[in-house]
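Peer 1: Pasting in a structure now, in structure tokens, and then I'll have a few things to ask.
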Amino acid sequence: MRLRHQLFLISLLTLLIPWAGYLFIQELEQTLRQNQLTNLSQHAKLITEQLAKKSIELPEPSAKGHRPVYAFKLPAPIILDGYFDDWRAASQDLTPLKSATSELSVAYQAGVRGKHFYLFIKVATPETTYRNPGKRALQNSDHLLLKLATPQGGVIDTIASPIAPGPVDLLARSGTRRFIKDTSLRGYWQDTREGYQVELEIPLSRVKDGIGFAIVKASVNTNQQTWSGITPPEERRRLPAVIHRMSALESLIEPYHRDFTRISLIDNQHWVIAQIGQTNEEIYSAPWQQGEYESLAREILLSLFKAVLGQQKPADSEQQTAPGQRDNQAIRIALKNQSTTDWFHDPVNNQAIIAAAYPINITSANQNNRAVQGVILVEQTTDAIASLSDSAMVKLIAISFSVVLLIVFVLLGFSSLLSWRVTRLRNQIDSSISEDGRIRHEFLPSTTKDELGDLSRSFAAMHQEVTHYTEYLENFSRKLSHELKTPLAIVRSSIENLTLNEQLFIKEHFDEVSTYLQRADEGTKRLSLIIQSMSEASRLEKSIESTEKEIFNLTDVVLSTGEAFKGLLTQHHIDIQVSPEERPILGAPELIAQLMDKLVDNAKDFTQPGGKIVISLCTKGRDYLLSVSNEGPLLPKKMQREIFSSFISLRDEQQKEGHMGQGLVIVKLITEYHDGTVNAYNLKDESGVCFEVRLPV
1 MRLRHQLFLI SLLTLLIPWA GYLFIQELEQ TLRQNQLTNL SQHAKLITEQ LAKKSIELPE
61 PSAKGHRPVY AFKLPAPIIL DGYFDDWRAA SQDLTPLKSA TSELSVAYQA GVRGKHFYLF
121 IKVATPETTY RNPGKRALQN SDHLLLKLAT PQGGVIDTIA SPIAPGPVDL LARSGTRRFI
181 KDTSLRGYWQ DTREGYQVEL EIPLSRVKDG IGFAIVKASV NTNQQTWSGI TPPEERRRLP
241 AVIHRMSALE SLIEPYHRDF TRISLIDNQH WVIAQIGQTN EEIYSAPWQQ GEYESLAREI
301 LLSLFKAVLG QQKPADSEQQ TAPGQRDNQA IRIALKNQST TDWFHDPVNN QAIIAAAYPI
361 NITSANQNNR AVQGVILVEQ TTDAIASLSD SAMVKLIAIS FSVVLLIVFV LLGFSSLLSW
421 RVTRLRNQID SSISEDGRIR HEFLPSTTKD ELGDLSRSFA AMHQEVTHYT EYLENFSRKL
481 SHELKTPLAI VRSSIENLTL NEQLFIKEHF DEVSTYLQRA DEGTKRLSLI IQSMSEASRL
541 EKSIESTEKE IFNLTDVVLS TGEAFKGLLT QHHIDIQVSP EERPILGAPE LIAQLMDKLV
601 DNAKDFTQPG GKIVISLCTK GRDYLLSVSN EGPLLPKKMQ REIFSSFISL RDEQQKEGHM
661 GQGLVIVKLI TEYHDGTVNA YNLKDESGVC FEVRLPV
């Protein structure tokens, strides 16, 4: 693994910084939330204790078998026009009712404002039949049957059966067949595309004992009426109770209200009978939330960060109930006479809510016990804590990742600098010494005062020692030649003197002396040949370096030289395998001819008379391949690289006469002069050896 990659992986450890900060923020958020729960619990306890000191009455539980009608507190005045527009301010949906037929669908909503009770009924039916003014039978028309309970336990039936859309009179049944207009009730009947809508205004005092209604379709058979409502048309017993938020109770808990807090008084049937404040108010707004794109980017960033690291979320404790009812774990525990706190998710407003519930023991009407009659529920959103946490988290992410990126970039830059210096040092070392160990140029040491600088200076010192030793080896042949010339001259002159004055020797010992003289002369010639070869190699190397290059056709040189060998080497079969295509090359043609001369001469020495010598030239990729192969003994594998060194020869003693192993050295020098390479290998069929020269195009 490269150095920059290693440092990059190490720099990733800095990601622990935002992770540790995130854990701290989570712990801080949990602590703040717990403190908020403690404050809410104390606040709920205070409200409960104050209510217990006051004489208040809670509504009696509704009768079994009848679901109470919950009337929402209307925030705006209602105009009786049969439209739902005025009701939208309450932010409540209509409650659908069951129907025995698909031809009749009814939904309603009840509300309270001031001293009036309002009822909105939406009816979907394929056809609306209005009352015929000439007929008194109600079964022949669609009508609304409104039932109002009396304090004495009775039920008054009131009917709205208009002859056309618009304001409608409500007729109260006073006898078996007689109806009297009830002036305290007001209504409006409005046609719609799906059917019709009815809007009623009733004094609040008239519904405190119960209310019921049914939408009845026109029918010729009075025994089989089609209806839908909260009570059957024939119902004469106790009606569903009307439950609504009581102003008297709200006035008692209003002094304890705090900003951004919702205080609810809930009875033992989970109905909200008093409520002050809201939890869905805007609590905190970070400065960067002003821009749409900034807010979107912030949300995406927080979502990704929380998804990766995990986030503690509240459970969906609030259950879906009837309109006006509340049911969650805190309320259920408080109704068991235990105070509690909870953190849950409100699916209606999509908020995280913290709540404190405290049981209240208030003597209800007509009851003498002190059982749990209701619950004080104090709620707040965690928006402030969440916003503070998100604000801190965004700052943490921004600062942490800025620091992380800065550290990563600094480490990557530093690693790139180190990698560049190491690579430069490696390239400088590689380029200063050739593959065969020759010194190419001077090694320049680094001047930086660090470990890499010390390493560079150590390499420079070592390179200088190698340079001195290489120069010594390169001058060795010249010095050796100089040192051997003088003693050889003395030996030769002595032998010559002995030869000229052979008459001075005793005649019977002259043959023996002549033998010694002959051997001395042969040794002297051998030493002279060594010195001559070493001198020629040195002179040739200098002459090659001074030769100027030119562009010439390699094919012509190889063909002409090969044809010359055919005439000279008549005892061998010369095979020239060269295509006539032009092969331009930058170099010296006379050196190429000399290279071929050395290769062919070497092949001749190892080929029996009548043997085959192949000279070939071809193009392979961006190189020219010039090869000379011959039939004969194979080349030992360990000698395939050393064969091009000085004084290396595989000839026998007789063949070594006049050969000092300098021919292939000259071949290597000429090849390197042309920026090429040369190697030797045995033929695949093991019939001989091939010397291959690769020259760049």
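Heads up, the sequence shown stops at 697 in the UniProt record's numbering, and the numbers go up one at a time, no gaps. Just so you know, even glycine gets a beta-carbon here, dropped at the ideal spot from N, CA and C.
Helix, strand or coil for L15 per DSSP?
Peer 2: Helix.
Peer 1: Which residues bound the beta strand (DSSP E) around E201?
Peer 2: Residues G195 to P203.
Peer 1: Can you tell which of V404, A603 and T570 has the C-alpha that lies nearest to the C-alpha of S11?
Peer 2: Answer by Cα proximity: V404.
Peer 1: Tell me the rounded alpha-carbon separation between I643 and F414.
Peer 2: If I take the Cα positions, the gap works out to 48 Å.
Peer 1: What is the rounded straight-line gap between the Cα of D227 and the Cα of Q92?
Peer 2: Residue 227 is actually Trp in this sequence, not Asp. Their backbone Cα atoms lie some 25 Å apart in a straight line.
Peer 1: Looking only at its chain, what residues have a beta carbon closer than 8 Å to the beta carbon of Q594, apart from the 5 residues adjacent to it on each side?
Peer 2: Around Q594: I666 and I670.
Peer 1: What residue from T101, W420, Q109 and S432 has the CA that sits closest to P126's CA?
Peer 2: The residue with the shortest Cα to Cα distance from P126 is T101.
Peer 1: Do T381 and T279 have their beta-carbon atoms positioned less than 9 Å apart in this structure?
Peer 2: Cβ atoms of T279 and T381: closer than 9 Å.
Peer 1: S446 and R440 - do their beta-carbons sit closer together than 9 Å?
Peer 2: In this structure, S446 does not lie closer than 9 Å to R440 by Cβ.
Peer 1: Please give the ranges of any alpha helix (DSSP H) in the stretch 528-572, keeping only runs that are unbroken, at least 4 residues long and fully inside the region.
Peer 2: Here the runs fully enclosed are 554-568.
Peer 1: Express the C-alpha separation of L527 and E657 in angstroms, rounding to a whole number.
Peer 2: Unreliable positioning characterises E657 in this predicted model, as indicated by a pLDDT of 49, which lies under 50. A coordinate reading is not provided.
Peer 1: Using a 10 Å radius around the Cβ and a threshold of 16 neighbouring Cβ atoms, would you call F24 buried or exposed?
Peer 2: Exposed, by the Cβ-count rule.
Peer 1: Starting from R694 and walking both ways along the beta strand (DSSP E), at which residues does that stretch end?
Peer 2: Element bounds for R694: G688 to P696.
Peer 1: By Cβ distance below 6 Å, which residues in the same chain neighbour S264 in space, the five residues on each side in sequence not counted?
Peer 2: If we look at S264 and ignore the five residues flanking it on each side, its Cβ neighbours are V272, Q275 and L377.
Peer 1: What residue does the beta strand (DSSP E) around P126 start on, and which one ends it?
Peer 2: Note, P126: premise wrong, no beta strand (DSSP E); not H, not E.
Peer 1: Can you confirm whether the stretch 67-82 touches the stretch 238-248 when touching is taken to mean that 3 or more C-beta pairs between the two stretches lie within less than 8 Å?
Peer 2: At 8 Å Cβ cutoff, the stretches touch.
Peer 1: Which same chain residues end up closer than 7 Å to residue 700 when comparing Cβ atoms and leaving out the 5 residues on each side of it in sequence?
Peer 2: The structure shown does not extend to residue 700, since the chain is modelled only from 1 through 697, so no value can be given for it.
Peer 1: So, helix, strand or coil for H468, using DSSP?
Peer 2: Looking at H468 - three-state DSSP - the assignment turns out to be helix.
Peer 1: Per DSSP, what are the beta-bridge partners of H345 in this structure?
Peer 2: Bridge partners of H345: A352.
Peer 1: Name the one or two DSSP bridge partners that Q518 has.
Peer 2: Answer is none; Q518 lacks a bridge partner.
Peer 1: Take D685 and list the residues in its own chain whose beta-carbon comes closer than 8 Å to its own, dropping the five residues that flank it on each side.
Peer 2: Within the same chain, D685 has no close Cβ partners at all.
Peer 1: Could you give the DSSP three-state label for G111: helix, strand or coil?
Peer 2: It is a strand residue.
Peer 1: What is the DSSP secondary structure of D191, reduced to helix, strand or coil?
Peer 2: Reduced to three states, the DSSP call for D191 is strand.
Peer 1: What does DSSP give as the partner residue(s) for W87 in the beta ladder?
Peer 2: According to DSSP, which records beta bridges pairwise, W87 is partnered with nothing at all.
Peer 1: What's the call for Q197, buried or exposed, on a 16-neighbour Cβ count within 10 Å?
Peer 2: It is buried - the Cβ of Q197 has at least 16 other Cβ atoms within 10 Å.
Peer 1: Alpha carbons only, please: which of S419, P584 and A355 is nearest the one belonging to Q36?
Peer 2: Looking at the Cα atoms, A355 is the closest of the given residues.
Peer 1: Per the contact definition of three or more C-beta pairs closer than 8 Å, is the stretch 74-86 in contact with the stretch 181-189?
Peer 2: They touch, by the three-pair rule.
Peer 1: Considering S616, what are the terminal residues of the beta strand (DSSP E) in which it resides?
Peer 2: That run of the beta strand (DSSP E) goes K612 to K620.
Peer 1: Is it true that the CB of L626 sits closer than 9 Å to the CB of E692?
Peer 2: Contact flag set, yes.
Peer 1: Rank K395, I266, N349 and G277 by C-alpha distance to the C-alpha of I333 and give the top, closest one.
Peer 2: Closest option to I333, Cα to Cα, is I266.
Peer 1: I need the DSSP call for L144, collapsed to helix, strand or coil.
Peer 2: Note: L144 maps to strand in three-state DSSP.
Peer 1: Closest to I613 by C-alpha separation, out of L586, S560 and F565, would be which residue?
Peer 2: The shortest Cα separation from I613 among L586, S560 and F565 belongs to F565.
Peer 1: Under a three-way DSSP split, which group does K73 fall into?
Peer 2: DSSP places K73 in strand when its eight states are reduced to three.
Peer 1: Distance, Cα to Cα, V466 vs G632?
Peer 2: Cα to Cα, V466 sits roughly 39 Å from G632.
Peer 1: Using only alpha-carbon positions, find the residue among L74, Y624, S538 and L170 that is nearest to S184.
Peer 2: Comparing Cα positions, the closest option is L170.
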